[in-house]
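Reviewing the structure listed below.
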DNA sequence: GTAGGGTTAG
């Protein structure tokens, strides 16, 4: 008997359709005697109603592996992916389910959605135990799951141990690294994959597809490596991968994050494929971080005319644009419109941007009120209070700073930045006793330090500097150069903020002293190495926000050495030229 | 026959 179930399934759109089909399958005996069709049915059923599919599953007296797979997959894709794991365990416990490669694959997917790395390790051991370890598809899933649940080292290990590799697993590891904050390694692997790398694995020679270039471009964007990005973009055009919208969006993002707004805009305007909401959002954000606030707002208004309804990311991008351009009233208006219309509910990031926007312009009480206006459904996070604290430092508001600081302590936050800020605020008012208290507290609590680092691209090689770095091969020269820079800019009126900030903070902290902030080391290295070509700017990328002292130093260096310096910090660009910064000191 | 990889966000 030929049973054609697929076309029937495709016509099912409601629970009642499902029930009719179920009745049909039962009366014809298919449900009991053709388990493959039954599993297919259950699998489909989970997409209409998972509870109902589960109910059906429970009526089966001895479910086959495929039935288990269907129900595990359904749960893995649901809002509670962890349930898939318990179903899987039930199946194993009663020896009711003999897992196959698919069972492992779906359960692994559940681990990745539940960010359950330890559970992934468990399933990994099952993969070995049941003999599926040589399955390339399963290995790729494994690799991807490790990467997505934050165990990047395990992901790399799986990748390294694969005996057969194809484009998909290369893509998985490249994207995993790019998303996991290891863009330098992602780019290195991309080069190795295409046979463009150095050393081990040269000549692998896989042909990147649209997914590969998305990963590579995202890595370039994070590293701010526009030369590499350009190369990938040339490849994209040559291979006509730019018919793909997602590829175009990442190209725009890459140019934007590398400070090439005009190029980003050109790609945006020339897109051969349909633009999406994401394309607009990306472009608006790109204009914002490059300080082109009014153009960003113009585009924001234009997108509605083109039939796109702004979503929360659109609003966030527009608010950021206002923030980076000091367009305070415009931002406030936008935020009010957003909350009034009720079409887009503000989230923690919108509130965060507003606190930053108001705080930076000195409207501290309004910033504080924004935090207090946050509905109970949203839990304020540390970033919010850190932002307020930062503004308090700028405007010397001790009272509010103490409030913010107390909040941060309550929230169990323990990062060095806050302590330093509070100490700075006291120090600026010469309240040395309070400064001492903060420091004592800092030591007592063994404050975690978020390491600041900077990248600089010199002659095509990426050099990474960590605060207080002493590992670079040219360290001695670099430190000497920093000394030289400091002396030279003092002639231009530089007064280090260090004087009243971190003095006497202890030997260990000396490494963290302002003069050895990673961006200063990077710029020193840049000045050492590129003295012959003074027409090209020195580009530095930093993982954290640039500090006030470094900002001042960069301005003076750009003047003293007649050299343009572009620093991309965590949130935006600063172009230092002839003693001034493009952010007009608003940041 | 059923499985693996992708874009924007303080």
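Numbering (UniProt numbering), first residue to last: 1 to 587. Cβ coordinates follow ideal geometry from the N, Cα and C atoms, glycine included.
Sub-8 Å separation of residue i and residue j beta-carbons
i, j, result
"residue 555", "residue 579", "yes"
"residue 348", "residue 358", "no"
"residue 253", "residue 216", "no"
"residue 109", "residue 76", "yes"
"residue 173", "residue 212", "no"
"residue 586", "residue 326", "yes"
"residue 423", "residue 438", "yes"
"residue 229", "residue 258", "yes"
"residue 273", "residue 244", "yes"
"residue 149", "residue 112", "yes"
"residue 491", "residue 534", "no"
"residue 362", "residue 324", "no"
"residue 284", "residue 300", "yes"
"residue 71", "residue 54", "yes"
"residue 453", "residue 373", "no"
"residue 390", "residue 425", "no"
"residue 440", "residue 414", "no"
Contact set for residue i: own chain, Cβ-Cβ below 6 Å, skip 5 residues either direction
i, result
"residue 539", "566"
"residue 314", "281"
"residue 383", "352"
"residue 183", "219, 222, 223"
"residue 177", "185, 186"
"residue 405", "422"
"residue 141", "105, 108"
"residue 577", "558, 564"
Where residue i falls: helix, strand or coil (DSSP)
i, result
"residue 24", "helix"
"residue 240", "coil"
"residue 323", "helix"
"residue 455", "strand"
"residue 33", "helix"
"residue 179", "helix"
"residue 428", "helix"
"residue 544", "coil"
"residue 470", "coil"
"residue 151", "coil"
"residue 120", "helix"
"residue 609", "A question about residue 609 goes unanswered here, because the residues of the chain that appear run from 1 up to 587."
"residue 580", "strand"
"residue 4", "coil"
"residue 465", "strand"
Whole-angstrom distance between residue j and residue i, CA atom to CA atom
i, j, result
"residue 559", "residue 525", "17 Å"
"residue 5", "residue 146", "36 Å"
"residue 261", "residue 575", "13 Å"
"residue 139", "residue 65", "20 Å"
"residue 392", "residue 191", "46 Å"
"residue 143", "residue 83", "22 Å"
"residue 33", "residue 61", "12 Å"
"residue 37", "residue 31", "7 Å"
"residue 275", "residue 304", "13 Å"
"residue 226", "residue 487", "32 Å"
"residue 79", "residue 73", "12 Å"
"residue 544", "residue 119", "33 Å"
"residue 483", "residue 521", "10 Å"
"residue 161", "residue 193", "16 Å"
"residue 569", "residue 550", "11 Å"
"residue 152", "residue 171", "14 Å"
"residue 481", "residue 529", "11 Å"
"residue 368", "residue 402", "13 Å"
"residue 468", "residue 523", "14 Å"
"residue 430", "residue 478", "34 Å"
"residue 241", "residue 128", "38 Å"
"residue 355", "residue 279", "27 Å"
"residue 43", "residue 208", "33 Å"
"residue 548", "residue 496", "10 Å"
"residue 52", "residue 88", "18 Å"
"residue 263", "residue 46", "46 Å"
Own chain, CB closer than 7 Å to residue i, minus 5 neighbours either side, in chain order
i, result
"residue 489", "553, 556, 557, 560"
"residue 411", "382"
"residue 123", "104, 107, 108, 111"
"residue 318", "284, 296, 297, 300, 334"
Distance cut-off 7 Å: residue i Cβ against heavy atoms of the ligand FMN
i, result
"residue 30", "The ligand FMN is absent from the structure shown, which contains no ligand whatsoever."
Spatial neighbours of residue i in its chain, beta-carbon cut-off 8 Å, leaving aside the 5 residues before and after
i, result
"residue 115", "148, 149, 150"
"residue 164", "136"
"residue 214", "175, 246, 247, 250"
"residue 464", "184, 453, 454, 455"
Segments assigned alpha helix (DSSP H), at least 4 residues, entirely inside the region 39 to 111: 50 to 59, 65 to 76, 82 to 93
Quick check for students: name the residue ranges of the beta strand (DSSP E) that lie wholly in the region 246 to 326, counting only runs of 3 or more. none
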